[in-house]
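Structure, as structure tokens:
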Amino acid sequence: MKLYEDLNGLYFLFDFNASHGELLFRKHKSDSTYNTDIRFKGVHSLNVTNRFRGLTIFAVNKSESILCDIVEASKFVFKLVDNKSQLECFINASAFGVYQNALDSEVSSLGEFAWSNENKCLYWSGEDEQLSRTFN
């Protein structure tokens, strides 16, 4: 099930908070007014690269993941695909979201993030009823 796609954006692994199980990929605002942040919460296991040239994110079944032996059953498996190289990576996490923000390039949206009117949630897996019905 495809959840997000940006065919040409350059996304970097920007922040990881291991103690809170949070992971952040960012497309910097160099080509727009906003950064695009891809946030994962409740990360249990992962196999990722540090850069994606174009990014497509799918929710997949446990059996489709190389993490299948260490996937926590109560969490989702997200497959991230680099659209240029077709490299497939996997994250086992509780939730996933896409946000736009106007934060400075060195400021993370993980942790104590001050929400403002310049920020916008584009997608949050917790509000996706089809995702919940399909994978729970």
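Residue numbers for the sequence shown follow UniProt numbering, so the first one is 1 and each next one is one higher. Even glycine gets a Cβ: it sits at the ideal position worked out from N, Cα and C. Only a predicted model underlies this, so the values are computations on that prediction, with no experimental measurement involved.
Cutting at 6 Å between CB atoms, please list the residues of its own chain near residue i, excluding the five before and the five after it.
i    : result
D15  : L24, S108 and L110
N119 : N101
F52  : Y11 and D82
G21  : G42 and V43
Note the first and the last residue of the continuous beta strand (DSSP E) segment covering residue i.
i    : result
Q100 : A95 to N101
L23  : E22 to K27
S109 : Premise fails: S109 is in no beta strand (DSSP E) and is neither H nor E.
K120 : K120 to W124
K84  : Premise fails: K84 is in no beta strand (DSSP E) and is neither H nor E.
Helix, strand or coil, according to DSSP, for residue i in the structure here?
i    : result
T33  : coil
L131 : helix
S63  : helix
S45  : strand
N92  : strand
D69  : coil
N8   : strand
K2   : strand
Which two residues bound the contiguous alpha helix (DSSP H) that contains residue i?
i   : result
S19 : Element bounds for S19: n/a, residue is neither H nor E.
Buried or exposed: which applies to residue i, given that a residue is buried once 16 or more other Cβ atoms fall within 10 Å of its Cβ?
i    : result
N8   : exposed
S65  : buried
D69  : exposed
R39  : buried
L122 : exposed
R133 : exposed
D37  : buried
Leaving out the 5 sequence neighbours to the left and right, which residues in its chain are closer than 7 Å to residue i when beta-carbon positions are compared?
i   : result
N47 : I66, L67, C89 and F90
Which same chain residues end up closer than 8 Å to residue i when comparing Cβ atoms and leaving out the 5 residues on each side of it in sequence?
i   : result
S85 : R53
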